[in-house]
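Below is one structure, written out as structure tokens; comments come after it.
Numbering (this note's numbering), first residue to last: 107 to 190.
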């Protein structure tokens with residue numbers, strides 16, 4: 107079940123939420139390229155969302171103490187890639 111759901115380009119998004127009260131960074135994406143980069147850089151997501159038995163998005167929760175992972179997810183190459 108490694109297939110990714112085909113989401114319209116207009117509906118694809120990546121959301122980063124910094125929760126100061128809980129001391130963690132919440133990250134959600136439904137874009138396959140960003141999902142693949144995040145899997146390589148910070149590992150498996152905390153939650154994976156499915157539509158029609160295909161992956162439609164994923165979310166990660168990273169504590170403030172994990173500075174290396176936070177630095178990697180906040181980098182331009184991870185979030186945007188080589189788009190022109």
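Ideal Cβ placement from N, Cα and C applies to all residues, glycine included. These numbers come from a predicted model, not from an experiment.
Per DSSP, what kind of secondary structure is residue 77 in: helix, strand or coil?
Here the chain has residues from 107 to 190 only, and residue 77 is not among them.
For residue 133, which of helix, strand or coil comes out of DSSP?
Strand.
Please report the distance separating the alpha-carbon of residue 186 from that of residue 112.
Distance between the alpha carbons of residue 186 and residue 112 is about 19 Å.
Once the 5 residues before and after residue 124 are set aside, which same chain residues still bring their CB inside 7 Å of it?
Closer than 7 Å at Cβ, skipping near neighbours: 131.
Beta-carbon separation of residue 164 and residue 144 under 9 Å?
Going by C-beta atoms, residue 164 is nearer than 9 Å to residue 144.
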